Amino acid sequence: ARAVAGCARHADEGDPSDATGAYYTTPQVSQLDDVAADDLLADLNVIRGKSNYSCILPNERNTPVNQAPCVRERGYDCSVKHRCPYFSDRAIASNREIAAMTLAYFMQTAGSEVFRKRDVVVVDEAHGLAEWAEMYATIQLGPRTVPFWDELRVPEMDSIERAVRYAESLAQTCTRRKDDLLEQDPLSPAEVSERDRLQELIGELEWFVSDFRDPQSPTTWLVDQSESRGRDAGSDGSDADGDEPQGGPLTIKPMNPEKYLQHTVWDRGNKFALLSATILNKAAFCRQVGLDPDDVALVDVDHTFPVENRPLYDVTQGKMTYEERDETTPKIARTIVRLMQHHPDEKGLVHAHSYDIQERLADLLSDFGVGDRIRTHDRDGRDAELEAWKASDEPDVFLSVKMEEALDLKGDLCRWQVLCKAPFLNTGDSRVAHRLEQGQWAWYYRTTLRTVIQACGRVVRAPDDYGATYLADSSLVDCFERARTDMPEWFEAQVDRMTRPDLPTFEPQAALSGTVSGGGASVADGSSRTGRSATTDTQRGDETDRQSSQSHRSRKSSRSSPLADVWDTDE
1 ARAVAGCARH
11 ADEGDPSDAT
21 GAYYTTPQVS
31 QLDDVAADDL
41 LADLNVIRGK
51 SNYSCILPNE
61 RNTPVNQAPC
71 VRERGYDCSV
81 KHRCPYFSDR
91 AIASNREIAA
101 MTLAYFMQTA
111 GSEVFRKRDV
121 VVVDEAHGLA
131 EWAEMYATIQ
141 LGPRTVPFWD
151 ELRVPEMDSI
161 ERAVRYAESL
171 AQTCTRRKDD
181 LLEQDPLSPA
191 EVSERDRLQE
201 LIGELEWFVS
211 DFRDPQSPTT
221 WLVDQSESRG
231 RDAGSDGSDA
241 DGDEPQGGPL
251 TIKPMNPEKY
261 LQHTVWDRGN
271 KFALLSATIL
281 NKAAFCRQVG
291 LDPDDVALVD
301 VDHTFPVENR
311 PLYDVTQGKM
321 TYEERDETTP
331 KIARTIVRLM
341 QHHPDEKGLV
351 HAHSYDIQER
361 LADLLSDFGV
371 GDRIRTHDRD
381 GRDAELEAWK
391 ASDEPDVFLS
401 VKMEEALDLK
411 GDLCRWQVLC
421 KAPFLNTGDS
431 RVAHRLEQGQ
441 WAWYYRTTLR
451 TVIQACGRVV
461 RAPDDYGATY
471 LADSSLVDCF
481 ERARTDMPEW
491 FEAQVDRMTR
501 PDLPTFEPQA
511 ALSGTVSGGG
521 ASVADGSSRT
531 GRSATTDTQR
541 GDETDRQSSQ
551 SHRSRKSSRS
561 SPLADVWDTD
571 E
């Protein structure tokens, strides 16, 4: 990425009106953190949203910049603006050759006089560009996103046209409320947040109305509406003062938002480098993001990591569909115990896919007596728990949710991982359902395969690194067959080499042999361990153990084997 960005036209080359310099952008905050921490990337000048910076005024040091006096008081003349960390970073990023930012910030600053068009734009993790654009362009209308939601009367949206008319009316209401706020001076932090949210909401609603009414726009819009709850409506949902049925919160979703991407991404540069290991189908990708395939060159580079260092193992225990999950999850939990025995002194990662599966596995593993070696996280403590696990010297197993991408577990940070469930998209989502109604099953399986490939790359980060990936959901094998035509050759080689490992017999106490406590006591380090005392449960052996211990090929022990949200983006 740095090399490509460095090829951008310099200010002393060409005409003064020519775009110069480069942008580096990534959807992953963690990747931007890595850029900021890397001394070799010091010329990538990082800028973040205002909420990531603190005001430096004496009485405002705990106030984020997006709520500081300069945004609370009209005409405020800040005496230290030249030293403000946000405006300093913004000035540096806007004037240097390479500016680095999250994709959210990059899109939000489209049309900005500060961050104008540049010669080169490098988009990292670009495989998800269409999905990220759909997510950023989605409009949520409900009590958490509309400051005066409880004062609104929301009709039932029986058509997309009805939603457009309502959005137009709501935008006008938001404008009036914002103007009323602007007449006040100064504003409280809460009023500042409301003002900014109203301005953002006005832009979202006006964009939706404009795009829908544009006959040239390729965007298809969908509207989901929840049932009305806690509002002044009759038992049948009708308005207490009239006959019109009342509706609940709305989600307005775009599909293939090509026009949105044109404005927020493609108009921002002359040349683009879209980086990813998982752009699996060039034509399909271009179609999703609104690019002409004839204007796009796909540079396909062979994998530089030996296939022997990144093996896949089949430990499938059945399907993890909603209907079969109750039966399969305990089998997977037992398999994880046996993998812990197989890797007694090596850290492991379990991709649980959902918090429901994570909780079930954590409870089962604690019941089996291996809770002292298990770590979990919740939605709020996600990053802190991840960092605590990475910093620990114990061979703990981390039950993760949605960590298939942008996670760098090099070396001994992690030597093995388990995929508990095929990461199929939710067919209850209206966008997914709409595409499947159109027969886009190839897209469905290709998207799943893409996530699996991304997950497999978390534990092997260099040519001399090694790590094993275990597949526990039989639907993963089915996905490989259905998406075989979109599979890169280097990953196909992994799949073709996949075998069933010879794991030790289920004996939970042996899974704790590599820990400092050896199962005798829990380690108090502030992390989210499952916290139950270790017990042995060898009496629970079943046919699953006997079947999975049969190996098609023998395997060396792991010790001797060479295998081994930034939405505050205002300027």
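Using the numbering used here, the first residue of the sequence shown is number 1, and each one after it goes up by one. All C-beta atoms in this analysis are idealised placements derived from N, C-alpha and C, irrespective of residue type, glycine included. Since we're looking at a predicted model, the values are computed, not measured.
Opening and closing residue of the beta strand (DSSP E) in which residue i lies
{"i": "Q225", "result": "T220 to Q225"}
{"i": "Q140", "result": "I139 to L141"}
{"i": "V122", "result": "R118 to V123"}
{"i": "I252", "result": "L250 to M255"}
{"i": "K271", "result": "G269 to L274"}
{"i": "T304", "result": "Counting along the chain, T304 falls outside any beta strand (DSSP E), and DSSP gives it neither H nor E."}
{"i": "F398", "result": "V397 to S400"}
{"i": "V315", "result": "Counting along the chain, V315 falls outside any beta strand (DSSP E), and DSSP gives it neither H nor E."}
{"i": "H351", "result": "G348 to H351"}
{"i": "T328", "result": "It is not in any beta strand (DSSP E) - T328 instead sits in the alpha helix (DSSP H) that spans R325 to H342."}
{"i": "Y260", "result": "No beta strand (DSSP E) holds Y260; the alpha helix (DSSP H) holding it covers E258 to T264."}
First and last residue of the uninterrupted alpha helix (DSSP H) at residue i
{"i": "I47", "result": "Segment: none, I47 is in no alpha helix (DSSP H) and carries neither H nor E."}
{"i": "G203", "result": "P189 to R213"}
{"i": "D496", "result": "E489 to D496"}
{"i": "L512", "result": "Run containing L512: none; DSSP gives neither H nor E here."}
{"i": "D383", "result": "R382 to A391"}
{"i": "Y166", "result": "I160 to L182"}
{"i": "A483", "result": "From DSSP, A483 is part of no alpha helix (DSSP H); its letter is neither H nor E."}
{"i": "Y470", "result": "First-last for Y470: A468 to L471, but that is the beta strand (DSSP E), not the alpha helix (DSSP H)."}
{"i": "F285", "result": "K282 to V289"}
{"i": "Q358", "result": "Y355 to D367"}
{"i": "V296", "result": "Unbroken run through V296: none, as it is neither H nor E."}
{"i": "A5", "result": "R2 to A5"}
Closest Cα partner of residue i within the set the options
{"i": "H342", "options": "D33, A126, P508 and E97", "result": "P508"}
{"i": "D224", "options": "T173, M157 and H263", "result": "M157"}
{"i": "L476", "options": "L419, D33 and F368", "result": "L419"}
{"i": "V71", "options": "A510, K50, V452 and N426", "result": "K50"}
{"i": "L222", "options": "S159, S188 and R197", "result": "S159"}
{"i": "W149", "options": "L170, Y136 and L129", "result": "L170"}
{"i": "C84", "options": "L57, G75 and L103", "result": "L57"}
{"i": "A3", "options": "G21, Y53 and D412", "result": "G21"}
{"i": "Q417", "options": "F87, V296, L339 and Y355", "result": "L339"}
{"i": "L399", "options": "R382, K410 and D412", "result": "R382"}
{"i": "R482", "options": "L512, W490, A511 and T447", "result": "T447"}
{"i": "Q494", "options": "S94, V289 and V307", "result": "V307"}
{"i": "D185", "options": "L275, V146 and E73", "result": "E73"}
{"i": "E387", "options": "A163, C414, D211 and V370", "result": "C414"}
{"i": "K178", "options": "D326, R195 and Y166", "result": "R195"}
{"i": "D478", "options": "T316, A511, P501 and A510", "result": "T316"}
{"i": "T451", "options": "L512, D345, E324 and L425", "result": "L425"}
{"i": "E394", "options": "H351, A511, D345 and P488", "result": "D345"}
{"i": "L298", "options": "T328, A273, N309 and T251", "result": "A273"}
{"i": "Q358", "options": "N309, M320 and G14", "result": "M320"}
Per-residue burial, residue i [other beta carbons within 10 Å of its own, 16 or more giving buried]
{"i": "H377", "result": "buried"}
{"i": "N62", "result": "exposed"}
{"i": "G269", "result": "buried"}
{"i": "S112", "result": "exposed"}
{"i": "H353", "result": "buried"}
{"i": "R379", "result": "exposed"}
{"i": "H10", "result": "exposed"}
{"i": "N59", "result": "exposed"}
{"i": "Q108", "result": "buried"}
{"i": "H82", "result": "exposed"}
{"i": "Y470", "result": "buried"}
{"i": "E161", "result": "exposed"}
{"i": "W441", "result": "exposed"}
{"i": "S560", "result": "Bear in mind that a pLDDT of 32 at S560, under 50, signals an unreliable position, so the number given afterwards is only what the model happens to contain. S560 comes out exposed."}
{"i": "A524", "result": "Caution is warranted here: a pLDDT of 38 is assigned to A524, below 50, making its placement in the model unreliable, and no coordinate value can be reported."}
{"i": "R540", "result": "Residue confidence is low: R540 scores 38 on pLDDT, short of 50, so the model does not pin down where it sits. Its coordinate-derived value is still stated next. Classification of R540: exposed, given that the 10 Å Cβ count is below 16."}
{"i": "T304", "result": "exposed"}
{"i": "D326", "result": "exposed"}
{"i": "P501", "result": "buried"}
{"i": "D214", "result": "exposed"}
{"i": "P311", "result": "buried"}
{"i": "T328", "result": "buried"}
Min CB distance residue i to chain B below 9 Å
{"i": "L291", "result": "Note that chain B does not occur in the displayed structure, where there is just one protein chain."}
Complete runs of the alpha helix (DSSP H) confined to the region 413-450 [at least 4 residues]
430-437
Can we say the region 22-32 touches the region 86-106, given the rule of at least three CB pairs closer than 8 Å?
yes
Answer yes if the region 430-443 comes into contact with the region 363-371, meaning at least three C-beta pairs across the two stretches below 8 Å, and no otherwise.
no
Do the region 395-412 and the region 453-461 make contact, defined as three or more Cβ pairs closer than 8 Å?
yes
Restricting to runs no shorter than 4 residues, where is the alpha helix (DSSP H) found entirely within the region 26-113?
29-37, 69-72, 85-95 and 103-108
Using 8 Å as the Cβ pair cut-off and three pairs as the minimum, do the region 253-261 and the region 133-145 touch?
yes
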